[in-house]
Each structure stands twice: as C-alpha cells, then as structure tokens.
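Okay, structure first, notes after.
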Amino acid sequence: MMDKPVEDLTEAEARAELARLAKALTEANTAYHTLDAPEISDADYDALKRRNAALEARFPGLKRPDSPSDMVGAALAPGFGKVAHRVRMLSLENAFAETDVVDFDERVKKFLGLTAVTYTAEPKIDGLSLNLRYEGGRLVQAATRGDGETGEDVTANARTIADIPQRLADAPQVMEVRGEVYMSHADFAALNARQAQRGDKPFANPRNAAAGSLRQLDATITAARPLRFFAYAWGELSEALATTQLAAIARLSDLGFTTNPLTVLCHSPAALMEHYRRIEAQRATLGYDIDGVVYKVDDLALQERLGFRSATPRWAIAHKFPAELAWTRLLAIDIQVGRTGALSPVARLQPVTVGGVVVSNATLHNEDYIAGRNSSGQPIREGKDIRVGDWVQVYRAGDVIPKVADVDLSKRKSDAQPYVFPKICPECGSPAHREPGDSVRRCTGGLICPAQGVERLKHFVSRGAFDIEGLGAKQVELFFNDPDLAVRQPADIFTLAARDAASPLKKLKNRDGFGERSVANLFAAIEARRRIALDRLIFALGIRHVGEVAAGLIARHYATWPAFEAAMAAAEPGNPAWEDLLSIDGVGEVLAQSLVDAFRNPAERAAIDALIAELDVQPVQARSTAASDIAGKTLVFTGTLEKMSRAEAKARAEALGAKVAGSVSARTDLVIAGPGAGSKAKDAQRLGVKIIDEDAWIALAGLS
Ligand code: IVH
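Now the structure itself:
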C-alpha cells in the first residue's frame with residue numbers, strides 16, 4: 052500500500068495507512084532518541100513523515116491523536132499512551148446476599164445519621180469501563196480504567212463507537228462521562244462466526260471480545276467490531292450535572308448518551324431487592340451480559356459526604372447475581388507454589404461450560420478444603436472430602452477464578468482414594484509447613500525455591516508493580532529458566548542489557564520470539580523503569596500481606612526509600628519505629644511483622660539491596676488536598692461526636708491528608724474530644740497534646 056499514491060486511497064485505506072505510519076514513525080523515534088540506535092535512514096524517515104503529512108492534509112478528519120506530525124522528537128511510550136485520570140476510576144464493593152444489601156443501607160444511614168436514604172438501582176453491565184473527556188463539547192480523549200489512577204489512551208478507538216457522541220450541544224466546558232463498553236450477544240455471535248471462518252481463535256465471552264476490540268492499536272479493527280456504550284457516571288466536571296444521580300443520568304441521556312432504561316429510584320432495601328429480582332428475571336432476554344445490579348445513593352450531596360474508602364465509594368454497592376454452576380469430572384489435583392511459598396491445590400477438570408466460558412481448571416483452596424473442613428476445623432459440604440476421579444460441582448462468580456464447590460458421592464468410584472496433601476514442596480523438595488492457625492501449607496525453601504523465585508519475578512513486573520512493557524509472565528519464565536540470561540531476582544532484570552551486551556554469542560535477539568527491535572524495545576522499557584515511585588517499589592517487593600493499597604499507605608507515610616528502609620531496619624515489637632509503623636491506618640501487627648521479617652532475612656535483604664543499587668527511587672507525597680491545616684498530622688477522635696458519625700469524621704480527616712490513629716501517643720498532633728471522652732483525653736493532657744472539641748474540628752475541617 053506504501054506505493055499507492057495518496058490521491059488514490061480510499062478513506063478506510065488511508066486510516067489503516069495512518070495507523071501503520073504512526074507505528075513505524077514511533078518505532079523509528081524510539082530507536083533514534085531513546086536507544087541511540089537508528090534503524091532507518093534519515094531519508095526514509097523523512098519520506099514516511101511526508102507521506103503521513105500528505106494523508107492528513109487529504110483526510111483531516113482521520114488525523115490521529117498520536118499523530119507523528121505532533122511528535123517533538125522524544126520517543127512515545129510503546130503501545131497505548133498513558134492517561135492519568137483527573138478523578139480516580141474506582142471499583143465497587145460487592146453484595147451477594149439480601150443481608151449484605153440491608154447492611155449497606157444501615158451503614159449508609161449510620162454514617163449520615165439519617166433514618167432513610169433513597170437509592171438508584173440499575174443493571175451492572177459486564178463490559179469494561181471507559182472515561183470520555185469532552186472539552187468545549189468536543190470529545191478530546193477516551194481512556195480505559197487501567198489501575199484506576201492511570202489508564203490507556205484509546206481515543207481513536209472510542210471515536211469508532213456509534214453510541215459515543217463526538218460532539219455535545221450545551222455541555223459543561225469540561226465534562227468527563229464514564230460508562231461501560233460492551234458487546235451485544237448478537238454481535239458477539241457474529242464476530243465469533245467470522246473469527247472461526249478466518250481460522251482465528253474465538254473469544255471466550257462478550258466481555259473479552261469487547262476488551263480485545265477496544266484495546267486494538269489499529270483503530271480500523273475496532274471500527275469493524277460493533278461495540279456499544281452505556282453512560283452511568285462521570286469524572287471531572289466544570290459544573291455539576293444535577294443534584295441527584297437520577298437527574299444526572301437523565302441529563303446524560305439528553306446530551307445524547309445511551310443510558311440504561313432499567314434505572315429506577317428505590318426508597319428502601321426491600322424496594323432494591325424487588326428491582327433486583329425484576330432485572331434478574333429479564334437477564335436472559337436483555338441481549339447483553341449483566342452480572343448484577345448497582346445501587347447508588349441518589350442525593351449527590353450525600354454521595355459527597357459519604358466519600359470513598361481506598362478503592363470503592365461508600366455510596367454505592369454492586370449486588371451480584373449468584374454464581375453459575377456446572378458438574379464435571381475431577382481429573383487430577385496439581386499443586387502450584389506461589390510467590391509466598393503457599394502450596395495451592397488446583398483441580399484439573401474435564402472441560403465444562405460454566406456461564407458461557409469453558410472451564411478446565413479450578414481452585415481447591417487448601418488442604419482442609421479438600422478434606423471437607425473449614426479453617427476452624429468445622430465440617431463443610433457435610434464433611435465430604437474431594438478425591439481424584441470424583442464428579443464435582445464448579446462455579447464462577449464474576450471475574451474470579453472458578454471454584455470447586457461440591458462433590459457427588461453417589462458417583463464416586465469404589466476404589467477412589469482420599470487425597471494426600473504433599474508435605475514437601477513439589478518444586479524444590481524443601482519441607483512444606485503449616486503454622487498453627489494458618490490453613491495454608493508453605494514451602495520453607497524461600498529464595499532457593501524456583502517456583503517462589505519465578506512467581507516473585509512475575510509479581511515484580513506486574514501491573515501495579517514495575518509494569519515493564521514487553522516483560523510479562525511468559526518472558527519472566529523464559530529468562531528465569533535460561534542459564535545464560537539467569538534472571539533469578541529483580542536486580543538481574545536491570546543488569547540484563549549489560550550482560551547481554553557483554554556476551555559474544557548467546558544474545559537475546561538470537562533467541563526464539565525475539566529480534567533486534569523487540570530486544571531494543573525491551574531494554575528501553577527496563578531502562579525507563581529504573582526511576583520508580585516508592586509505592587510501586589514497596590508493592591513490587593512482594594512481601595506477604597503487603598498489597599497495593601497497603602504499599603501506598605506505607606509509601607505515603609515514609610515518603611522516601613531511605614526513611615522507609617531505616618524504619619524497617621530499626622522496627623522491633625515495642626520500640627518507637629515499630630509503633631510508628633503500626634500508627635499507619637491500615638497496617639496491623641501481622642503486616643508489620645511480615646515487613647520487618649523480610650528486612651531481617653539476610654537473603655531477602657541482599658536481594659533488596661542489589662535491587663536498590665540499580666534504581667532511582669522517587670519519593671511519594673501524602674495524598675492531601677490543597678494546603679489543609681491538618682495535612683500530614685495524626686489525629687485521634689474520642690468521646691461522642693454529635694454532628695457526624697465517627698466514620699464520617701475519619702473519612703473527612705483522611706480526605707484532608709491527615710492520619711487517624713486509634714490511641715494517643717507522643718506522635719499524636721491533635722485530639723478531638725467529644726462528650727464522654729475518657730482515658731484518651733487524659734493521655735493527651737499528660738503528653739501535652741492539643742485537645743479541641745467537635746465545633747473546633749468542624750471549623751478546622753472546613754465544614755462550618
Ligand atoms: S458505577 C465509583 N454503574 O462495575 C463507581 N459501574 O465493579 C463507579 N459497572 O468499574 C461505577 N455497570 O466498570 C457503575 N451501572 C454501573 C455499572 C458499573 C458496570 C462496572 C464499572 C466498574 C465496575 C465495578
């Protein structure tokens with residue numbers, strides 16, 4: 052197509068050609084600027100750029116947001132551009148039973164100090180969420196959710212979706228609309244039929260098909276796949292849409308968005324349940340996948356007061372439909388060894404369709420679960436154990452890994468033997484121990500266990516951690532097992548390029564699946580990650596109990612690597628560094644001990660030191676709103692608060708960047724004492740900590 056004159060190209064050809072040119076020029080730029088290794092001559096580069104400009108001149112509407120004519124030289128990130136969400140994209144807490152819904156309503160009312168709250172109820176669409184940014188009524192950017200803070204720029208692709216307006220009349224100057232991209236059952240079936248015709252792999256379900264279609268580097272592919280969009284929320288707004296959720300949705304509909312017709316107002320949990328059952332009854336005939344019903348507090352001022360937990364709003368909940376079930380044969384039980392040494396039994400099943408997805412593996416949780424006991428030794432499944440060869444029931448709930456739920460004893464073969472859980476690690480032969488009170492058996496091999504080593508590396512490069520483009524689970528496994536590459540611990544990733552350069556023969560580019568360009572891209576991606584934020588680093592270390600949220604809290608508390616490292620080295624139960632660690636809201640004794648243990652263990656410590664020597668760790672700042680007076684301070688609430696619940700006070704304090712602790716110590720900055728304050732107020736007096744009353748707190752928090 053390259054030789055065809057620009058004048059002769061159809062619009063579709065031009066679009067494809069622009070995508071190809073954008074890719075080629077981006078790669079050339081990366082090679083030139085980032086790697087100092089130009090791959091094409093200057094003349095060829097200029098020819099590509101001229102052709103791109105000519106195409107854009109002829110088809111101005113097709114100009115891509117990542118157009119090479121806008122490039123200023125520096126290499127663009129490979130793949131999709133990243134978009135930092137101005138307002139975080141959160142997920143929802145789940146409810147499964149009616150009692151969860153009642154509890155949700157109780158919590159909301161208690162938080163707000165109200166006796167009744169009105170909610171909206173609407174289907175939970177099983178697709179993927181998208182943020183659409185409009186400026187001056189024009190669609191300027193579309194981004195996926197990503198990790199909630201940063202998503203991928205899929206603007207060119209979103210423009211191909213008919214349900215997404217390109218222009219809005221009468222919209223706020225800045226308006227971000229959020230909703231779900233999905234594929235209808237009919238379109239999904241037709242797409243899979245085409246896939247089969249072409250000999251391509253079919254998609255497992257409409258959600259995967261929608262995700263695969265939206266995340267296409269070539270927008271012409273997205274355009275050929277019929278995606279749809281329901282709007283149900285918003286991000287940044289220069290002016291409010293309405294004062295209630297329902298009216299805001301109506302406004303979105305007036306602006307030209309498709310909103311879900313099954314959205315209603317409910318004034319009680321009983322009414323929510325009624326709507327849930329109504330939607331459930333229609334589920335099979337809707338023509339698109341839904342996996343539950345979402346309830347949201349209708350009054351937007353109340354939503355604002357309720358605010359957020361770390362990753363979910365307090366004002367909404369997703370009431371999920373029950374899991375889908377199927378029966379099949381258990382062919383074998385395999386043991387997988389995880390990053391923390393946990394031995395996890397995996398059921399290998401005769402493939403069976405569960406809710407539209409073919410399932411051949413499922414989790415069996417742990418050794419007690421197989422034996423028919425829960426973690427406190429009580430019988431589950433009336434005490435029935437699970438044996439290889441058994442007829443078992445499998446279920447899927449939402450995104451989670453399928454589980455084995457039940458077993459049919461009437462179909463058990465007479466010679467079936469009880470399963471004997473291994474007492475040594477199948478990967479490294481080290482003893483596998485169970486600590487009292489822990490239902491999990493763990494390999495004691497630590498870093499000598501290859502399974503733990505490779506799983507830790509996979510975690511290290513995963514999304515919330517180092518997230519190195521081109522270095523996923525597959526490559527990690529390959530590099531780990533290749534004796535010449537010997538990527539055995541995180542530091543080895545950062546020495547790989549130098550070691551590869553020094554090796555005269557067995558270069559990475561000569562290996563299967565690699566070439567000059569992919570290796571250059573990989574090394575550039577690794578290089579770029581030497582600069583890493585403290586929270587990502589702490590999460591990446593893969594220390595037991597330290598998830599993404601905890602890592603963020605810890606990073607914001609210590610701010611820099613040297614401060615964090617010194618604290619971990621110093622902390623011991625009872626000493627000030629230990630107390631300081633525990634003062635972080637969200638850090639308990641178990642997590643603290645796990646952190647301290649990791650820094651005490653000589654092998655772990657050596658691996659951490661080797662890694663740090665390769666990195667430039669970026670400090671993290673406390674997430675606080677503008678210069679609030681209490682940002683960075685530690686507060687303690689005691690006694691009764693009369694104007695807001697304890698939960699609301701805590702949430703407000705945290706939103707302003709303060710920490711809320713449970714007890715008063717020398718590190719406390721301020722105690723807010725309501726009537727009936729007892730020993731904590733006394734402690735504060737004794738320690739000379741400032742004490743204020745609720746009214747002073749309200750003023751301080753900017754609520755008066
Ligand atoms: S509201 C702050 N409404 O479910 C919460 N989400 O599990 C904003 N989803 O990430 C989300 N249908 O992708 C909302 N009617 C609906 C939804 C919905 C589907 C998805 C969304 C979200 C996920 C959370």
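52 is the number of the first residue of the sequence shown in the working numbering; add one for each residue after it.
Idealized CB from N, CA, C, for every residue including glycine.
All values derive from a computational prediction rather than experimental measurement.
Here the distance from the Cβ of L323 to the nearest heavy atom of the ligand IVH is not below 7 Å. The stretch 279-299 makes no contact with the stretch 144-162, as fewer than three CB pairs between them are under 8 Å. If you look at V740, you'll find it isn't in any beta strand (DSSP E); DSSP assigns it neither H nor E. Closest by C-alpha distance to A255, out of V538, D340, S361 and A524, is D340. Here Q526 is buried, its C-beta having at least 16 other C-beta atoms within 10 Å.
A direct Cα-Cα distance of roughly 54 Å separates G440 from R697. Shown here for T166: same chain residues with a beta carbon closer than 8 Å to its own, the five before and five after excluded, namely K160 in chain order. If you draw a straight line from the Cα of R189 to the Cα of A352, it comes to about 28 Å. Annotation for L381: the continuous beta strand (DSSP E) segment containing it runs E375 to V388.
Beta-bridge analysis with DSSP links Q669 to A584. Setting aside the 5 residues that flank it on each side, D543 is surrounded in the same chain by A537, each with a C-beta closer than 7 Å to its C-beta; the list follows chain order. A Cβ-Cβ contact shorter than 8 Å links I176 with F281. Taking the Cβ of I300 as the reference point, every heavy atom of the ligand IVH lies at 7 Å or farther away. Across the set V191, I594 and D214, the C-alpha of V191 shows the shortest separation from the C-alpha of T206. Annotated as distal: Y170 and D59, with beta-carbon spacing of 8 Å or more.
The Cβ-Cβ distance between R582 and Q672 does not fall below 8 Å. A straight line joining the alpha-carbon of T546 with that of A552 spans about 10 Å. Per DSSP, the unbroken alpha helix (DSSP H) holding Q354 starts and ends at L351 to L357. When secondary structure is reduced to three states using DSSP, K371 falls in the strand class. Judged by the Cβ position, A209 fails to qualify as a neighbour of the ligand IVH at the 7 Å threshold, every heavy atom of the ligand being at least this far. In this structure, A377 sits away from N145, with a CB-CB distance that is not shorter than 8 Å. When distances are taken from the beta-carbon of E173 to the heavy atoms of the ligand IVH, the shortest one is below 7 Å. At the C-beta level, L573 and G521 come within 8 Å of one another. Taken through DSSP and simplified to helix, strand or coil, G521 comes out as coil. Cβ-Cβ separation between V232 and G178: approximately 5 Å, consistent with a contact (criterion under 8 Å). Under the three-state reduction of DSSP output, L394 falls in the strand class. The three-state reading of DSSP puts Q468 in coil, since its state is none of H, G, I, E or B. Taking non-hydrogen atoms of the ligand IVH into account, the C-beta of I176 is found less than 7 Å away from one of them. Linking W629 to D586 through their CA atoms gives a straight-line distance of about 19 Å. One thing to note: Y283 has its Cβ within 8 Å of the Cβ of E173. For R279, the closest of R356, L181, D269 and E287 by C-alpha to C-alpha distance is L181. Checking the DSSP bridge columns, you'll see H608 has no partner listed. When secondary structure is reduced to three states using DSSP, M695 falls in the coil class, being assigned neither helix nor strand.
Under the 10 Å beta carbon count, Q540 is surrounded by 16 or more other beta carbons and is classified as buried. Here the alpha carbon of A571 sits roughly 27 Å from the alpha carbon of L265.
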